[in-house]
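Below is one structure; the comments refer to it alone.
Numbering (the UniProt record's numbering), first residue to last: 1 to 189.
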């Protein structure tokens with residue numbers, strides 16, 4: 001009996017300062033994924049936020065740079081979730097076949113990726129995805145909030161201190177003194 005392979009949309013790139021890091025993550029996933037069970041459909045996002053075709057995305061992974069010309073959009077029809085190309089006039093390109101997707105695997109790093117924004121988009125579109133949900137992703141990006149919630153829930157966490165940029169600029173010596181009084185070396189900043 002032959003089972004149908006799951007088609008995984010692997011989103012990488014994106015608008016954050018960690019754009020290039022996600023190329024490494026996407027390449028690692030493609031190398032490690034069980035190709036007998038999954039078909040990977042790479043979806044690159046430019047630094048400006050444009051989603052590009054899987055064909056251009058494959059080239060981007062090889063070159064380390066997204067330069068694709070063909071833009072795609074996600075369709076959220078539950079009977080046929082897919083990527084569809086749009087032409088230069090922002091109309092559906094009826095001449096190109098759509099890429100059916102079963103699930104999305106976002107490997108975007110930083111803002112606009114692991115902060116709940118893409119997860120929210122996928123939730124709104126009713127498209128299944130891998131990873132934490134919207135709230136967990138958003139809370140995890142704010143380390144102070146995350147640690148406060150963990151502490152309130154009784155989870156074991158290391159001692160921490162949040163220093164706002166404004167506080168640091170106002171009185172560096174005071175902040176350094178507080179750190180030395182409250183913590184032991186080595187420190188993680």
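Just so you know, even glycine gets a beta-carbon here, dropped at the ideal spot from N, CA and C.
The structure displayed is predicted, hence computed values, not measured ones.
Note that the C-beta distance between residue 122 and residue 104 is below 9 Å. Taking residue 81 as the centre and dropping the five residues before and after it, the same chain places the C-beta of 101 and 127 closer than 6 Å to its C-beta, in chain order. Rounded to whole angstroms, the gap between the alpha carbons of residue 188 and residue 141 is 17 Å. DSSP places residue 99 within a strand segment (E or B) once states are collapsed to three. Burial state of residue 117 is buried, judged by a 10 Å Cβ sphere holding 16 or more other Cβ atoms. The stretch 9-19 makes contact with the stretch 106-120: 3 or more CB pairs, one atom from each, lie closer than 8 Å. In the displayed model, residue 12 falls within a strand according to three-state DSSP. Residue 99 is classed as buried because its beta carbon has at least 16 other beta carbons within 10 Å across all chains shown. For residue 33 against residue 41, the beta-carbon gap comes to about 12 Å, at or over 8 Å, which does not count as contact. One alpha carbon belongs to residue 168, the other to residue 144, and they sit about 16 Å apart. For residue 155, the closest of 162, 161 and 146 by C-alpha to C-alpha distance is 146. Per DSSP, the beta-bridge partners of residue 39 are 7. In the three-state reduction of the DSSP assignment, residue 71 falls in the strand class, which pools E and B.
Buried is the label assigned to residue 23, since at least 16 other Cβ atoms lie within 10 Å of its Cβ. A straight line joining the alpha-carbon of residue 166 with that of residue 25 spans about 34 Å. Taking 9 Å as the cut-off, the Cβ atoms of residue 157 and residue 175 do not count as close.
With respect to residue 71, residue 52 sits close: the two C-beta atoms are nearer than 9 Å. In the assembly as shown, residue 119 is a buried residue. Its beta-carbon has 16 or more other beta-carbons within 10 Å.
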